[in-house]
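Numbering (full-length UniProt numbering), first residue to last: 1 to 563.
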């Protein structure tokens with residue numbers, strides 16, 4: 001996923017033109033959310049209109065009597081103020097404004113992060129609502145949507161990647177005032193259109209989502225328990241033909257064939273399908289490929305909807321930055337909007353997730369040493385060392401009896417391993433610089449509270465794996481040498497100087513002149529520059545919330561397709 005408009009260029013031709021990029025705020029993010037509950041907004045005065053407002057108590061009573069008892073309003077106090085100032089008259093009389101807001105509410109509802117969005121749409125779909133009741137419910141939803149938009153940039157790491165829905169709370173004074181002013185001025189269409197994501201990927205992703213929803217036919221299923229290889233025959237190949245045709249990967253004539261043979265034409269289509277889903281494009285239909293083939297258009301639409309909401313926090317049009325899409329296992333380095341480096345990455349496994357965060361790269365370490373984090377010491381290294389103390393020296397590890405600079409070295413054979421266990425291991429473990437160091441020959445530091453960084457690795461064969469969520473949280477970069485050459489070149493280091501430092505073996509810390517923004521983000525669906533939808537495995541199960549939206553699709557979809 002990228003924003004490049006040109007092919008990768010030679011860095012030497014662009015390095016001199018590199019602009020100083022302000023260092024972004026460090027945002028180390030967690031992944032917890034809160035349950036939803038009703039809340040009231042901060043009320044602000046309406047613009048002067050000369051119209052006498054109705055008493056709030058009278059308006060509150062009218063709202064309660066107008067809206068069905070089963071419909072729970074989230075912002076009842078704010079609604080009373082708004083409709084008191086507007087003499088209890090409907091405000092959403094502009095059909096374009098109403099549909100624009102309903103479309104956006106439906107997108108948020110299908111994403112599934114907050115069930116209240118679907119509840120608002122279900123309430124709006126009631127056929128026996130009075131015009132005023134429908135208007136009130138839509139305004140309640142507008143206030144909730146404003147609260148969401150005003151806070152998602154700061155809290156999206158929790159709201160869009162957590163297991164529980166967030167809590168609606170006070171609408172900001174500026175947000176409330178913007179809505180109130182638009183109601184007074186009759187500019188709700190402009191106001192609601194301005195609420196859509198401004199990310200450049202939004203139009204194409206929305207189009208892809210709607211295209212999936214338009215495919216309402218019964219989806220064929222490949223029912224096969226074994227791996228299907230090119231040239232083999234199986235009755236599920238008939239379903240495969242229809243699936244590939246609906247993905248526009250084979251022609252209608254090819255789909256009509258009754259042959260159960262997995263032939264070359266089908267293999268070519270499957271390889272394209274696999275590439276679009278981040279799978280190894282080998283034409284072999286194993287478990288992962290089969291699961292993606294069997295996902296219905298509605299499932300894909302929900303996944304795309306979840307990622308549309310993530311556009312509120314995903315970096316966009318950043319001139320100079322290092323971008324790491326965690327589930328795509330990829331790194332992109334842009335300088336002045338030119339893609340100068342693309343690399344495979346290895347990220348944290350599910351139990352040691354790579355966090356969603358932003359920071360700024362400030363130095364490169366040549367021949368980095370490694371102090372093993374305590375968790376890794378206890379879980380990964382100590383169990384092996386207890387079984388065979390020679391493991392420590394064979395991997396270049398040194399054990400110290402403390403964390404201070406004057407700590408003493410401890411011989412692993414002197415440790416009473418019958419008493420010292422992984423859970424009570426009190427020592428510090430380090431690994432000296434060198435070609436077998438777990439960080440490889442380069443480390444790229446960026447300040448953050450999670451101690452996350454980019455680094456090289458001595459085991460580059462791991463980048464040949466398709467599923468690369470196997471690290472302990474930090475990001476391993478396949479082309480670390482190339483990345484270091486670019487950054488060190490900007491710091492005045494040529495290739496011979498770098499080679500000399502590597503051969504010397506001592507650790508060198510090299511500050512880079514312009515701090516480079518780094519974004520670690522999580523996007524499992526997007527549309528590429530060839531206008532082809534892309535999907536990736538949800539390695540941390542952050543897309544599970546989309547199942548909530550999928551369950552309400554019957555109530556949501558009418559509001560999505562209305563234009």
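The C-beta atom is built at its ideal place from N, Cα and C for all residues, glycine as well.
Using three-state DSSP, classify residue i as helix, strand or coil.
i	result
residue 618	Only positions 1 to 563 of the chain appear in the structure, and residue 618 is not among them; the question remains open.
residue 238	helix
residue 73	coil
residue 131	helix
residue 399	strand
residue 560	helix
residue 207	helix
residue 201	coil
residue 217	coil
residue 446	coil
residue 274	helix
residue 539	coil
residue 180	helix
residue 358	strand
residue 534	strand
residue 56	helix
residue 526	strand
residue 514	strand
residue 346	strand
residue 148	helix
Is the CB-CB distance between residue i and residue j below 8 Å?
i	j	result
residue 345	residue 335	no
residue 375	residue 400	no
residue 152	residue 229	no
residue 473	residue 552	no
residue 367	residue 508	yes
residue 191	residue 178	yes
residue 206	residue 308	yes
residue 389	residue 427	no
residue 112	residue 302	yes
residue 141	residue 120	yes
residue 425	residue 382	yes
residue 278	residue 537	yes
residue 362	residue 137	no
residue 200	residue 317	yes
residue 143	residue 75	yes
residue 488	residue 518	no
residue 341	residue 486	yes
residue 600	residue 560	Absent from the structure is residue 600, since the part of the chain shown begins at 1 and ends at 563.
residue 60	residue 78	no
residue 326	residue 520	yes
residue 145	residue 110	no
residue 96	residue 189	yes
residue 522	residue 161	yes
Got a sec? Which residues, its chain only, sit under 8 Å from residue i by beta carbon, not counting five neighbours each side?
i	result
residue 135	90, 91 and 92
residue 262	228, 229, 230, 231, 232, 233, 234, 237, 240 and 285
residue 505	367, 433 and 434
residue 130	66
residue 282	271 and 274
Taking only beta-carbon atoms, is residue i less than 8 Å away from chain E?
i	result
residue 332	Among the chains of the structure shown, chain E does not appear; only one protein chain is present.
With a threshold of 16 other CB atoms inside 10 Å of the CB of residue i, please say whether the residue is buried or exposed.
i	result
residue 527	buried
residue 543	buried
residue 384	exposed
residue 107	buried
residue 87	exposed
residue 102	buried
residue 417	exposed
residue 351	exposed
residue 194	exposed
residue 198	exposed
residue 492	exposed
residue 457	buried
residue 443	buried
residue 226	exposed
Within the same chain, show all residues whose beta-carbon is closer than 7 Å to that of residue i, passing over the 5 residues directly before and after it, in chain order.
i	result
residue 29	Low confidence applies to residue 29: its pLDDT is 37, below 50, so where it sits in the model is not reliable enough to give any reading.
residue 557	213
residue 53	84 and 85
residue 348	354, 469, 471, 472 and 473
Just to confirm my understanding: we take residue i, look at its own chain, exclude 5 residues before and 5 after, and list those with CB closer than 6 Å. What are they?
i	result
residue 300	212
residue 533	208 and 527
residue 343	331, 477, 478 and 479
residue 150	172 and 175
residue 539	327 and 469
(request) Mind listing, in chain order, the continuous beta strand (DSSP E) runs of no fewer than 3 residues lying wholly within the region 278–339? (result) 321–325 and 330–335
(message) If we require 3 or more residues per run, which beta strand (DSSP E) segments fall completely within the region 417–485?
(response) 428–431, 442–445, 469–471 and 475–477
(request) Starting from the N-terminal side, write out each stretch of the alpha helix (DSSP H) that is 4 residues or longer and does not extend beyond the region 360–390. (result) 382–387
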